[in-house]
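Here is the structure we will look at.
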Amino acid sequence: MWEAVLVILLPTIAPGLALLRILDASADIFRKALLCFPLGLLALYGISGLLFVSQWWSVTNLTVLILFVNAFSIAFLFRKVHVERSTYTQWQKMEAAIHGIVLSETEPEIEQEVAAQQWFQANRNPILQIAAGCFCLLTLVPILMFDRPFGVDWIGFSTLASNVGDTGSFDVQSPNSGIWTYPPAFPTVLAWVTQLTGAPIEQAILILGHLSLFAILLGIWGSMDRLGAGGSSVLAMGSSFALFAKVFDSGYPTVASQLGLIVGLLIVLRPIQHSLRYHIIAFVFLSVCAVLIHPTGAIYLAALLLASILNRERLSDDEKAQRKPIFLTSIIIISSMFVIALIFFAPRMLSEPVFAEYGWQGGKPMLMYNGPLMVLAGISVYIGRKSQEIRLLSTWFMSLWLLSFVHLIEGLANIQVLSLLSYTLYSMALHAYHVPLAIVVGLLASRSTSFTTVDDDSSWFGLEMDPFIRPIYSTVFLVVLMIGAIMSVGLLVNLSNHDELHAVTQGDMELREYLETHPPDKFVYTENIHWGHSYAFESEIKTSSIPTLGLLTLEDSIQAKATSALRIDDVQTLRQLNIGYAISSPIGTAALILGPSPYWSMEQSYQGARYWKLWDEPSPSRVFSNAALNSTECGEKKGCTLELDPWRNHRFYDPLDRGEQRIILQQKGIYAWEDVVNEAEFVGMYNVCITYEQIGDFESYEIIANTQPFTFEKKAGWNHQCVNVQLNQTLDISFELNDDGTSWINPLGFSGRSSEIVDSTGLRIHHIELKRGIDAKA
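Numbering-wise, our numbering puts 458 at position 394 of the sequence shown, and it's gapless, one number per residue.
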């Protein structure tokens with residue numbers, strides 16, 4: 065694990081410091097420590113993405129280029145300001161002034177800013193900085209606690225990274241053919257990290273994703289420290305679940321693209337006399353880096369630039385003239401993004417209507433994920449309504465909110481740009497509003513910052529000015545923010561005992577490790593859903609299904625034919641497709657099809673994740689029988705409830721006709737189902753297995769088949785437990801819960817995948833399996 069952390073961290077320090085020397089020459093050691101990693105990581109993403117776009121990407125080429133960039137950055141950092149020169153760049157003047165070097169050229173504006181920055185640095189609140197630092201570090205706790213991400217998106221990114229690591233391209237591999245269109249920065253960096261370190265890809269993507277979130281928090285801290293509001297802005301991020309929920313759902317590229325906003329804040333919220341050539345060059349480069357990570361970050365950066373342009377009318381003529389370069393650059397960047405989307409991506413959406421999977425993102429979802437922070441931001445906007453900074457940030461937020469209106473025209477077709485925008489921003493409530501709202505609150509919560517009033521001519525930082533708000537307001541804000549930050553991290557830590565939330569089970573991971581050392585000699589059928597896609601991480605396993613990621617263009621696919629043939633035991637078609645094996649996950653339904661078939665034999669089983677082999681001739685000895693508990697009886701039992709299955713929208717076949725609900729046991733008591741099986745053929749010794757989920761660390765229970773208790777190690781997550789039972793036509797199943805379940809906050813309730821937000825630990829029952837004989841493979 066630590067190898068992957070170091071591989072990501074070390075190459076970013078020198079480039080980050082070099083970029084910071086241009087973007088913020090007034091930074092002291094503390095601010096440099098905050099900003100070098102965010103800027104360096106953004107540059108790393110961009111370099112990898114540019115190399116891929118130029119079709120030169122490989123692990124070796126990227127490594128060499130990173131070494132060259134680091135060498136160049138180190139040389140640039142050792143470049144000193146020489147007093148004997150007659151001309152100096154703006155950042156050289158600032159750097160000299162901040163270090164007390166007297167040059168032949170001086171500017172009153174620079175001297176004023178240096179004094180302001182030194183005042184801000186001297187008046188940092190140590191307790192606040194420590195609290196902000198602890199909050200940032202706590203976001204890295206999941207790296208230590210979990211062995212794979214939550215959510216489902218990471219499986220697609222990991223498949224893409226594995227593919228590019230093996231082939232250097234986004235081409236779909238055999239037995240299918242086609243191409244993925246997706247921003248290349250994140251998958252290529254992930255491929256580079258896994259290839260260099262040999263870390264499991266699920267661990268590497270967890271580390272890269274959470275380090276990206278960590279970098280964003282550091283970047284907000286550092287960029288707003290430039291205005292004296294770094295610590296409070298970071299703590300304000302803890303008053304909303306939004307961006308953290310996106311990380312929980314493993315939307316890592318979307319989150320990482322927010323790094324571009326750090327550059328925007330440094331450029332837009334900075335003294336006007338510094339928006340010159342060197343800043344513009346760095347700004348354009350880092351904006352391109354953000355585009356290569358994910359379009360959402362680029363769109364939000366464009367909205368920030370647009371807000372800056374709209375607020376230009378409030379500036380004086382001198383200020384407009386001084387800011388003209390950055391305004392023109394902003395217009396060029398926004399226009400370029402629009403043209404690229406129009407030419408390269410919009411035509412791919414010709415047949416797609418406007419899409420709104422989660423509804424209007426400027427309505428209920430926005431309030432649900434950002435509610436407390438919006439209340440604080442609303443108060444802050446009212447208090448700071450006469451400052452230029454708050455007005456600019458308010459305009460930024462409003463421009464983002466207006467973008468959400470695209471989801472109100474769902475179904476509108478033939479306008480490709482709107483379709484593309486709706487697909488890109490389908491979950492924007494999780495990541496669009498968090499940063500601007502937090503910055504507004506952070507500015508008003510800080511006691512060591514000043515604002516430019518609307519009727520002020522040109523001053524940014526007036527040292528003689530009193531703080532913009534009174535200390536009592538600041539104290540109240542900071543107390544609320546610290547409580548919110550602690551709660552946000554506490555919810556994350558609470559998830560450590562809920563393995564059932566993962567889209568890939570421990571058994572799936574163990575089976576994949578087995579197949580790495582025993583690669584199949586034919587194609588492998590996998591379900592066309594997340595747990596099936598996870599087996600495509602290894603190039604030796606040629607799977608039938610592939611994830612739909614970004615814009616997927618398939619020229620040929622065997623999945624539909626294979627699925628149809630599998631369901632009707634069409635061995636001839638399966639052989640023609642060169643399929644000789646199949647994999648089933650306990651989460652999916654493939655085992656319910658493969659088990660009853662006499663043509664498939666179970667070769668390996670790891671906690672319900674199974675590896676099957678196809679035979680040309682049938683054999684009754686291979687057959688499993690499946691059954692489900694009668695859900696209507698559940699309503700008659702106190703403590704037994706029916707709830708929506710969290711994975712109901714990801715299952716497309718229901719052999720047992722169980723519907724979308726599952727039996728949940730959460731209260732102390734005995735729950736018995738008689739005659740689960742009652743047929744004359746079930747006589748003799750049978751291997752009886754039950755597939756269920758243990759929700760959380762709930763371990764005080766027993767399961768009994770007829771009179772035979774199951775003996776097993778109880779653990780959270782998906783369980784597939786077996787016991788040998790003597791049957792005489794009937795099978796009875798009973799569950800004995802010795803304690804009530806305990807309450808916990810279920811993050812799936814916020815996304816709609818679960819019907820409960822305040823949930824309870826317990827058991828979720830899926831199905832029963834029977835096989836004649838005494839082989840108790842689990």
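Cβ coordinates follow ideal geometry from the N, Cα and C atoms, glycine included.
Here the structure is a predicted model, which means the values were calculated and not measured.
Check for me: the alpha helix (DSSP H) holding residue i runs from which residue to which?
| i | result |
| --- | --- |
| Leu325 | Leu323 to Val332 |
| His594 | His594 to His597 |
| His498 | His498 to Ala509 |
| Phe308 | Ala306 to Phe312 |
| Trp256 | Ala249 to Thr261 |
| Ala195 | Pro190 to Leu202 |
Taking the beta carbon of residue i as the centre, do at least 16 other beta carbons fall within 10 Å, making it buried, or is it exposed?
| i | result |
| --- | --- |
| Tyr717 | exposed |
| Asp620 | exposed |
| Phe525 | Low confidence applies to Phe525: its pLDDT is 39, below 50, so where it sits in the model is not reliable, and the reading given next is rough at best. Buried is the call here. |
| Asn227 | buried |
| Met749 | exposed |
| Asp721 | exposed |
| His594 | buried |
| Gln636 | exposed |
| Asp572 | buried |
| Glu833 | buried |
Using three-state DSSP, classify residue i as helix, strand or coil.
| i | result |
| --- | --- |
| Arg715 | coil |
| Gly215 | coil |
| Phe210 | coil |
| Gln780 | Checking the displayed sequence, the identity of residue 780 turns out to be Ala instead of Gln. It is coil, neither helix nor strand. |
| Glu528 | Because the pLDDT of Glu528 is 39, which lies under 50, any placement of that residue in the model is unreliable, and the question is left without a value. |
| Arg455 | helix |
| Ile727 | strand |
| His582 | coil |
| Leu350 | helix |
| Trp679 | coil |
| Thr705 | strand |
| Phe184 | helix |
| Met288 | helix |
| Ala293 | coil |
| Trp244 | strand |
| Val418 | coil |
| Arg576 | helix |
| Asn788 | strand |
| Arg836 | strand |
| Ile345 | helix |
| Met65 | coil |
| Pro611 | coil |
Give the range of the beta strand (DSSP E) segment to which residue i is assigned.
| i | result |
| --- | --- |
| Val747 | Gly733 to Ile759 |
| Met432 | Element bounds for Met432: not the beta strand (DSSP E) but the alpha helix (DSSP H), Lys428 to Ile447. |
| Ser824 | Val822 to Ser824 |
| Ser628 | Where Ser628 is concerned, there is no enclosing beta strand (DSSP E), although the alpha helix (DSSP H) it sits in stretches over Gln623 to Arg631. |
| Leu484 | No beta strand (DSSP E) holds Leu484; the alpha helix (DSSP H) holding it covers Gln480 to Thr488. |
Roughly how many whole angstroms lie between the Cα atoms of residue i and residue j?
| i | j | result |
| --- | --- | --- |
| Phe210 | Asn792 | 45 Å |
| Cys753 | Val789 | 10 Å |
| Leu489 | Ala362 | 12 Å |
| Ile863 | Ser510 | Coverage of the chain is limited to positions 65 through 842, which leaves residue 863 absent and any answer about it impossible. |
| Gly448 | Ser491 | 30 Å |
| Ile533 | Ser512 | With a pLDDT of 49 at Ile533, under the threshold of 50, the predicted position of this residue should be treated as unreliable, though the coordinate-derived value follows. So the alpha carbons of these two residues sit roughly 10 Å apart. |
| Glu474 | Gln185 | 49 Å |
| Gly672 | Leu369 | 52 Å |
| Gly286 | Asp88 | 10 Å |
| Ala734 | Asp804 | Note that residue 734 corresponds to Ile in the displayed sequence, not to Ala. C-alpha separation (whole angstroms): 12 Å. |
| Ile610 | Thr231 | 16 Å |
| Ser486 | Glu800 | 49 Å |
| Trp460 | Ala502 | 13 Å |
| Gly262 | Glu738 | 51 Å |
| Glu528 | Val445 | A caution first: Glu528 carries a pLDDT of 39, below 50, which makes its placement in the model unreliable, though a value can still be read off. Answer to the nearest angstrom: the Cα atoms are 23 Å apart. |
| Phe762 | Ile728 | 13 Å |
| Val236 | Leu616 | 9 Å |
| Trp120 | Ile111 | 11 Å |
| Thr245 | Glu697 | 49 Å |
The ligand PLP and residue i: does the residue's C-beta get closer than 7 Å to at least one heavy atom of that ligand?
| i | result |
| --- | --- |
| Phe349 | Absence of the ligand PLP is noted for the structure shown, with no ligands found whatsoever. |
Exercise for review: Could I get the ranges of all uninterrupted alpha helix (DSSP H) runs contained in the segment 81-133, with 4 residues as the minimum, in chain order?
Suggested key: 93-117
**Study point:** Residue ranges of each alpha helix (DSSP H) within the segment 628-664, 4 or longer
**Key:** 635-640 and 654-658
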